[in-house]
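Step one of this worksheet: look at the structure below.
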Amino acid sequence: MAIMGDGAIGVVISYETSRNVCSWLPLVGPLVEAGYRVLLYDTVSGTAIDHVVDRAALLREQGVTEVVLVGGSLGGAASIVAAAEIEPPVAAVVSLSGGGIDTTGAAPEITMPLLQVVAEEDSPFAALANQNDAAATLSPAHELVVLTGRTHASTFFDSPDAERVLSTVLDFIQEHAPA
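Encoded structure:
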């Protein structure tokens, strides 16, 4: 586990099973530069949802005033489910290609801003993002960004859409949980 930055707003990043924490470094740098405290962790035993809940609690124990959840694929879906459970509520949730965990019960419970980014040919993740977006009726700001191609989760950071995805995520976080 690594915590970078010392901002009052914390960001928990939960990566997908096919990559590692380093694949999220293109997002970490801009977040830290913008004044956020970012927590990256390696998954171990337990469920993906428990990891997200526990890491959010750890940041709060360290004094952050707000928490944002960010994840890719399994980490994105776990962030959505955890956001529906965590008290006090997190400030915002970002999911890149979320899937691998059933979010159908959690999406209608999301009361904070939700950003989902997905590639239109990334099956079944594009359909899941559309379902979550339609169900997130309690979210004051739910955005669904659908890009062309098959790019998945943190591979967006290595794609031709990298700049757009990074700026979309950073702008969303800064709008809903300013550092």
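Residue numbers (numbering that gives the first Met the number 0): 0 to 178.
All residues carry an ideal CB built from backbone N, CA and C; glycine is no exception.
Start and end residues, alpha helix (DSSP H) containing residue i
i, result
"V80", "L73 to E84"
"L30", "L24 to E32"
"V168", "A161 to H175"
"A133", "F124 to A134"
Alpha-carbon spacing of residue i relative to residue j, whole angstroms
i, j, result
"Y40", "V11", "9 Å"
"E108", "S94", "16 Å"
"D170", "M3", "19 Å"
"E167", "V145", "Checking the displayed sequence, the identity of residue 167 turns out to be Thr instead of Glu. Rounded to whole angstroms, T167 to V145 spans 12 Å at the Cα level."
"L165", "V116", "11 Å"
"V20", "T154", "12 Å"
"P87", "D157", "34 Å"
"W23", "T110", "26 Å"
"E15", "A133", "24 Å"
"V31", "Q130", "32 Å"
Cutoff 6 Å; reference residue i; Cβ partners in own chain excluding five residues on either side
i, result
"G34", "G6 and A178"
"A47", "L73 and A77"
"D121", "S96, R149 and H151"
Residue i (DSSP reduced to helix, strand or coil)
i, result
"A56", "helix"
"L95", "strand"
"H141", "strand"
"Q61", "coil"
"A118", "strand"
"V11", "strand"
"V20", "helix"
"I48", "helix"
"A105", "coil"
"A178", "coil"
Contacts around residue i, its chain only, beta-carbon distance under 7 Å, and the 5 residues preceding and following it disregarded
i, result
"I85", "V52 and A55"
"P29", "L165 and L169"
"A128", "G97, Q115, V117 and L143"
Own chain partners of residue i with C-beta closer than 8 Å, once the 5 adjacent residues on each side are dropped
i, result
"E65", "A7, I8, G9, V89, A90 and A176"
Range covered by the beta strand (DSSP E) that runs through residue i
i, result
"I100", "Premise fails: I100 is in no beta strand (DSSP E) and is neither H nor E."
At a cut of 8 Å, does the region 133–143 reach the region 53–72 through at least three beta carbon pairs?
-> no
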